[in-house]
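Residue numbers (the numbering used here), protein chains in the order written: chain L, 2 to 573; chain X, 2 to 573. Below is one structure, written out as structure tokens; the observations come after it.
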């Protein structure tokens, strides 16, 4: 109610609103707005404040079409009460006749907050100036200013939902001239995902465009090295198709000037280095946070993590060849990666890592051209990707096109306004993305892959076998996994496996370079007195970091870093 | 009862027992034995298995005189029921007359398990062969074989308790000849702690000999850098008095041969490097584990942690001067430190760290000769100590005498059989010290220093202010502290302080080199509806590691690594 009052005030008194009053968002829309105000501050930082609705039932559509690939938070899913009673669709967009006719030339003049932000969609003209501050994807929406929405919505498929059209309809100010409509249709917007590769049908798809999928959990513990086809896939944009013959990697920012390397150069001018490293998405196990309270992001299960063998040139060697000298470290603090995957505006995926990780002999950062002994598959970054072991998946940039040594972190959305952790008390009204560091090393993690949650265990068995994985960021080795069959009251120590072959304890990797996970297994006497097993696992790494007991206290609005004890209940 | 039966069997059938049957331990003693069997295995590994008594009430004296300094677990504190009803003291030792008279020469023949282990104490002769396996300090007891106990007990003051004498009395086999008694008295056993330095009276003493003490918690947050007098003190042995003019540091194990450095050499031949680093004892907050279930070790509160500014030569520079070359890393994996503090047998305190920490430019390991801008105080390692930032206090060896580059970890008791973490399900019967890595980097930690637990808060206040510290090992910076006033249901973010001056957010140290703690503070509206505040804090580090919620699941038999959320209850 308080919000409703705030919105009414805005609608009445906002100077921006004066001349567009008849088409301003309805009060009802205001009550379900996702974003409350624009970031304001300096620079190109995007702001993603979001209103957390006080009426829980209204959230039923919330995030239905979650963030479909862009780190931008594209979560339009809120319906308002009024809207639910209406039948709004594309047809509605055309209902509002009697509106002025505008030329494309006129529309194009409105490309800023000062001059108004206009867009076109299926022949209609929309003044979305006021909506910019509410856009869950932040000011990225300005990329469409003065032009057509269609190519953007083709890229971010989450927009193709009725309630998004409903919101748009409130902003209609006119019709595009018939001539210009014809011109637009001539420039056909093709599906940028049409040439994405085939994927294995066993994968559980969290988002089709862009493609985000994880394997069934039990497959993860079938083999120490995950077959590439089953390796979790997390794309932010369409898969680019790169010709290996003409591929070029630019290395910029060093005293030696720009170094350009072909794929052949990478393979022949630098020693080939191989590591086995586990990659994990920051959003792995997000679904458990969603059960506590809705978060924004793909609803990953426990399998947004996989382990592969990677080969390539060491980033260190390439930076040295490009002129890196110790004195560079006096001003350069980061190494930025730019992908060749891009949106319709040409904005590429980007991220950065601290330079000490990049240049350290023990950092083992690769410019990888092989995965599990073969060319890197299309979905995993062909022909070259960064592999930054011990660091969150988001910094392991695929389809690598450019490396920039710099004083600052990557300015990309994904580095600045995404992939950061916050207090459970921080909501979209109070979040300040500048207050938290970009996720690099990940914390200790483990999960149970077998048995599955809800699986029934036959009471006649003598023993029960539990399997899972455990991994920690920063090269910290997993040194122990504790398993409980009684919800955490008593604990037993699982057997760890650190290679494809043996089951026994292998010799440890050098300290701080344990990049790969441990698979674990325990066979324990079946507790016949139990009516249900509550199986729990928790791991400990070489810095003796332990997992938190429960999800709520680590809940955060983006649902990242979900590493509480994993629990599975099996009736028996 | 089962144990009782096992003990009876042993007493009857053990071949070792046959000729000493009349003086074998009583069944009652057997029922309270602390150690169930000797380690057996190869090498000099000490075994410290301990019997966990099934009768909880009998534990009332347990660990009363806890491990007074040695890592060896000297916890004789168990009384047996029979003993409690008697009045046993030194006098009792003399009661058993009619026993044979032995010469010192005869006693000296019994210095092994094969020949029997005899010792003398105040004129009595004791055959403690059977007790060796039960000794909580392990086979270290053999160091006294064939001689007098007095000098050892002077070193480990925990033995000076009635129940220890009571146990000893059961093993009496004779009297020492009057002549040899006179000789012994001539060699007066002085108190090795007599020359320990004066300490500040505000310190809370956990053990006087050796000296172990922590400041009142609220003092910790009074200043970012802890004054040396208040810095927690954790000594394993008497404080050695080293003449700085003749002090020599030996560096061994490198191709260059042995390098010997005077204090002057250290100060003049190598650049002086200064860091601010927090040191924490592995046993900090052990008292919270003791509340869950008794553990072995000094009952530290929350203040076995402090922060100081250290200056000295970098270990890296000294190792390079001693001949370290990159190829050394092919065989050398550890750098061992030996202290000049020693027990009566000449055994020195020792520990080791991984060589990559020692040699890394970013490791910042110091051979420190200054603490807070002055000569290092006697209690903190004068004239030179190792400062290994980010690593558990136990590896920051004081009164440093020797550095050894080696393939193996230190063989010291404190590296091999102490300062390791185990599963809560592991007890003294099942523990295998080889199965866990020696603690190096410590996990994320935080605690509330103000208000104190149990302090009453005046209901008339408008706001409540909470203060504390937060720190993480491995150079991981504390990036956030969450505070709850309602036991963890809701959370607010505290303000962090990373230097002596400012309250605001300071610029971060380089990644992986945040050696010093953050002090934190929050002032929140007083929740007038509450009858009691349950204040909780939890911190997050730059790898987004979080503290575990509760103590039980991280409980371990040595009570180390106690880093669950800290909770304080204040009635109001």
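Cβ coordinates follow ideal geometry from the N, Cα and C atoms, glycine included.
Counted as a single uninterrupted DSSP element, the alpha helix (DSSP H) harbouring residue 290 (chain X) occupies residues 287-293. Residue 267 (chain L) has its alpha-carbon roughly 12 Å from the corresponding atom of residue 251 (chain L).
Annotation: residue 322 (chain X) to residue 234 (chain X) spans about 32 Å, alpha carbon to alpha carbon. Counting only Cβ-Cβ distances below 8 Å, residue 551 (chain X) has contacts in chain L at 550, in chain order. Interface flag for residue 225 (chain L) against chain X is unset, since no Cβ pair is found closer than 8 Å. DSSP places residue 266 (chain L) inside the alpha helix (DSSP H), whose first and last residues are 264-269. Rounded to the nearest whole angstrom, the C-alpha separation of residue 570 (chain X) and residue 539 (chain X) is 15 Å. Against chain X, the CB of residue 547 (chain L) has a partner CB under 8 Å away; the residue lies at that interface.
For the pair residue 287 (chain X) and residue 370 (chain L), the Cα-to-Cα distance works out to about 49 Å. Residues of the region 483-494 of chain L with a C-beta atom less than 7 Å from some C-beta of chain X are 483, 489, 491, 492, 493 and 494, listed in chain order. Taking CB atoms only, residue 177 (chain L) has no neighbour in chain X less than 8 Å away.
Beta-bridge annotation (DSSP): residue 571 (chain L) is paired with L:534.
Neighbours of residue 481 (chain L) across chain X, judged by C-beta separation under 9 Å: 422, 423, 424, 436 and 437. Just so you know, the alpha carbons of residue 271 (chain L) and residue 315 (chain L) end up roughly 8 Å apart. In terms of Cβ geometry, residue 489 (chain L) and residue 444 (chain L) do not form a close pair [threshold 8 Å]. In the three-state DSSP reduction, residue 113 (chain L) falls in the strand class (E or B). DSSP places residue 425 (chain L) outside any beta strand (DSSP E), giving it a letter other than H or E.
Taken atom to atom, the span from the alpha-carbon of residue 354 (chain L) to that of residue 301 (chain L) is near 24 Å.
Residue burial annotation: residue 160 (chain L) is buried, with at least 16 other C-beta atoms found within 10 angstroms of its C-beta. The region 199-206 of chain X makes contact with the region 216-226 of chain X: 3 or more CB pairs, one atom from each, lie closer than 8 Å.
Annotation for residue 413 (chain L): no beta strand (DSSP E) segment contains it, and DSSP assigns it neither H nor E. If you check the CB distance, residue 398 (chain X) and residue 387 (chain X) come in under 8 Å. Contact with chain L is absent for residue 238 (chain X), since none of that chain's Cβ atoms lies less than 8 Å from the residue's Cβ. Contacts with chain L at 8 Å (Cβ-Cβ) include residue 539 (chain X). When rounded, the separation of the alpha-carbon atoms in residue 256 (chain L) and residue 498 (chain L) is 45 Å. The Cβ-Cβ distance between residue 282 (chain X) and residue 394 (chain X) falls below 8 Å. Of all residues in the region 341-366 of chain L, only 355, 357 and 363 come within less than 7 Å of chain X when Cβ atoms are compared, listed by chain position. Here the alpha carbon of residue 114 (chain X) sits roughly 6 Å from the alpha carbon of residue 130 (chain X).
Residue 276 (chain L) and residue 162 (chain L) have their C-alpha atoms spaced approximately 43 Å apart. Using a Cβ distance threshold of 8 Å, residue 350 (chain L) and residue 237 (chain L) count as a contacting pair. Between residue 357 (chain X) and residue 512 (chain L), the beta carbon gap of about 6 Å places them in contact (Cβ cut-off 8 Å). Considering only X:438, X:448, X:533 and X:402, the residue with the shortest C-alpha distance to residue 261 (chain X) is X:402. For residue 317 (chain L), the enclosing alpha helix (DSSP H) stretches over residues 316-322. With 16 or more other Cβ atoms from the protein chains shown falling within 10 Å of its own Cβ, residue 421 (chain X) counts as buried.
Rounded to the nearest angstrom, the gap between the Cα atoms of residue 476 (chain X) and residue 390 (chain L) is 18 Å. With respect to the 8 Å criterion, residue 278 (chain X) and residue 221 (chain X) are not classified as neighbours on the basis of their beta carbons.
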